[in-house]
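Numbering (the working numbering), first residue to last: 671 to 1238.
Comments concern the structure below.
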Amino acid sequence: MTTTSAGSPVLSVVVPAYNVGAWVRECLSSILDDQDADLEVVVVDDGSTDDTWDIVTGFAASHPEVRAVRSPGVGGAQARNYGAEIARGEYLAFADADDLVPRGAYPRMLDAARAGNADMVAGSFLKFYTTRTWRPTWRWPAFHEPRTGVTLADQPSLICNRACWNRVFRRDFWFREGIYFPTVPRSNDIVPMTKALVAAKRIAVVPDTVYLYRDRPGSSSMSSQSAGLDSFVSYLSQEIVCRELVSSVGDATLDREYGRLFARADGWVHLVKFLDGLDTGTADAGGLELAREMLARQISELPQDVLDDLGPAQRWAYGLAAAGHWSLAAELAEHTEDLSKLDPTWFFRADLTSIGSLSLSDAELRKTVNEHVFGPILGGRRRFDPDDAALLAESAVTFRRIFPTESRHWSSEPAQRLTLAVKSGDSSEIEKELRKPLLRFREPVLAVQGGRAVLVTRCTRPELGPPAVVAVRGGHRHVFDTVSFDPETGALTASASLRHLASGPVSIRLQVEDPLGTVETNVTPTLADGSVTRRVLRVLGNGQVDIRHGARRMIRAARGAGRRILQR
């Protein structure tokens, strides 16, 4: 057992307690259980209204290591600060009254502190909930092995863990550096922990589990209180201080590590929680503007490569929020895992091309419009209302840029037609397009007969005239030279010589002449092979056809089917 002089304990563990009657006894027992260390536990009651105080004082009566005191202030920060002030140990630790400390955790950290004369020791930890347990530290290299005498610049991933409860501090270091918990509505530990990490000349790391954090999202937990405007502003104010502290180190690698922590993890989590509970109709306008300014300031100071590495959804949400478009950001944040669930009009209501350092590239915009606007709409899962035509027309300039005339970045033929209409900027033309039935090519079948590839299908818009059938492989395009088309039923039969088709994966596309311009769509035909002896066409699942040598067995099996198709 480690001891210190003059009867003072080696370690003081400060435990703020507020309405934790259901958990505090278990917490205190875990701190004292088989720790093999000379320690005191300072429990600071923060005005509990349940049976917490009775439990703590009863526990202290039978455990001389426990001191029960009332906080002279209000809030967890003041309770922690008061506990630190009256602590007598050479080392200082903090624990939350609803969590647990594994056996032997404090002796392991004290041994590491002594061995390396460390200002601070940090250890690995687990988070547990009613249905699962996970170890956040596996993501951070600093916690992968024991370390002694390192600094934050040596191990930048230490900045990713800014909780106060999985570590031990030298108490004279704590007060010499003027570290304290600020009295703020939210995130009162990230600034003091960042300050400690920056100031520490020698840090030790224990990769063993030294703390068990209870994820308790009930009405009284801190997690449940993190979504309001005051909490979000409080968090951002603390994060700005953290960024300034990190920047003072002057290490680019550390700056990027912190930037990723904010942009991908902590900042994103807080923004999503805030947006999820936001009602812009009742929120204080001044508070929202303050939040916007803080968020914009924080983003402007992050390394650009960190912002560039964000996924489009995160970048849009940050950019829209930083520009004060809270409602649009809230809609997006709700569906970041599946953007196709967004109302398609969102993409046109959101000014995605003018959000400063978070702007999207043309390729990203084009991909998103194809996948999450045209895909759901033209696939029949969503439909624009013709009344939205004026809204779409406002995007004409953007669409002309991201879908240039020579571009073939189309998701489908209907998408091309709607894109052309939007590019025109004519709301009446867009409305007309939205009211038209979708152009489809029904039941396409591809057969081989007499050395020719034959496509049979039916067009749902025969008034547009006979489509051209094109086989495309890479930059090579070959038009089917024989086309038979019924202008009343839309029935189409087209063929091309196999000699003119390049060997390899070939896309079959159909072109129609629309008043808006030439549009083109892929088709995925069913295969019905006929009497060809040297090559066979195999349709792939993505609308491509594979032209390969051999496979006579397949040819014989498909011969009859091919003839029946051609006789229709």
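All residues carry an ideal CB built from backbone N, CA and C; glycine is no exception.
Quick check on DSSP: helix, strand or coil for residue i?
i	result
A935	helix
C761	Per the sequence shown, residue 761 should be read as Tyr rather than Cys. Y761 falls in the strand class under three-state DSSP.
A1221	In this predicted model, A1221 has a pLDDT of only 41, less than 50, meaning its place in the structure is not dependable enough to derive any value.
V861	helix
F845	helix
E1001	helix
E1183	strand
F1017	helix
R1169	helix
W810	coil
G898	coil
Q1119	strand
R1205	Any reading at R1205 must be qualified, since the residue scores a pLDDT of 49, below 50, and its modelled position is unreliable; no value is offered.
R886	coil
S1029	coil
D954	coil
W835	coil
F1150	coil
E815	coil
S732	helix
N751	helix
E710	strand
R1233	The predicted position of R1233 is uncertain, since its pLDDT is 45 and thus under 50; a value taken from the coordinates is nonetheless stated next. Correct three-state label for R1233: helix.
D824	coil
V1143	Looking at the sequence provided, one finds Arg at residue 1143 rather than Val. Strand at R1143.
Are residue i and residue j close, meaning C-beta to C-beta below 8 Å?
i	j	result
T879	P777	no
R841	I910	no
E1099	L1088	no
D715	A738	yes
R837	V791	yes
G774	Q705	yes
T1196	L1162	no
E1034	P982	yes
V683	A763	yes
A870	T821	yes
I829	Y928	yes
A851	N751	According to the sequence as given, residue 851 is Phe; it is not Ala. Result yes, Cβ atoms of F851 and N751 sit closer than 8 Å.
A1117	L1171	no
P1175	R1143	yes
For residue i, which residues from the same chain have a beta carbon less than 7 Å from its beta carbon, with the 5 sequence-adjacent residues on both sides left out?
i	result
D1151	A1166
S857	S904, Y905, Q908
E735	L702, L709, E710, V711
H1005	K1011, L1012
A1060	S1097
A1000	L945, L948
Report, in whole angstroms, the separation of the C-beta atoms of residue i and residue j, which I expect to be a contact under 8 Å.
i	j	result
L941	R985	Actually they are not in contact, since the Cβ atoms of L941 and R985 sit about 12 Å apart, beyond 8 Å.
P1136	V1153	6 Å
A991	R962	7 Å
A933	V976	6 Å
C834	P862	7 Å
Taking residue i as the reference, give the member of the options with the closest Cα.
i	options	result
Y988	K797, A935, A757, R1122	A935
Y883	C697, V919, K797	K797
D768	V685, G717, G898	V685
L1028	V939, E710, L972, I860	L972
C1129	L1180, L1090, G1095	L1180
G759	V712, N787, G793	V712
A1138	I1178, H1170, E1113	I1178
L1009	G994, W996, N1040	N1040
P1074	R1112, D1032, A1059, A1123	D1032
R832	C912, R817, D720, V820	C912
D824	H995, G848, V875	V875
G728	V694, G745, R1169, L1090	V694
F813	S827, T853, T801, L822	S827
V680	L698, G743, R784, S901	R784
C697	A1117, Y881, V868, H995	Y881
Y688	A707, G743, D859	G743
T719	S732, R740, A731	R740
L965	S997, G937, T950, G848	G937
Any C-beta of chain B sitting closer than 8 Å to the C-beta of residue i?
i	result
A999	Absent from the structure: chain B. Only one protein chain is present.
Among the residues of its own chain, which have a CB less than 6 Å from the CB of residue i, if the five just before and after it don't count?
i	result
V690	T722, A767, D768
P1132	P1157, G1160
A1164	L1125, V1139, F1150, V1153
R817	V875
R921	First, the amino acid is wrong: residue 921 is Asp here, not Arg. Around D921: A823.
F839	L762, M790
If you drop the 5 nearest sequence neighbours on each side, which residues of the same chain put their C-beta closer than 8 Å to that of residue i?
i	result
A765	V683, V684, V685, C697, I701, V771, W835, Y881
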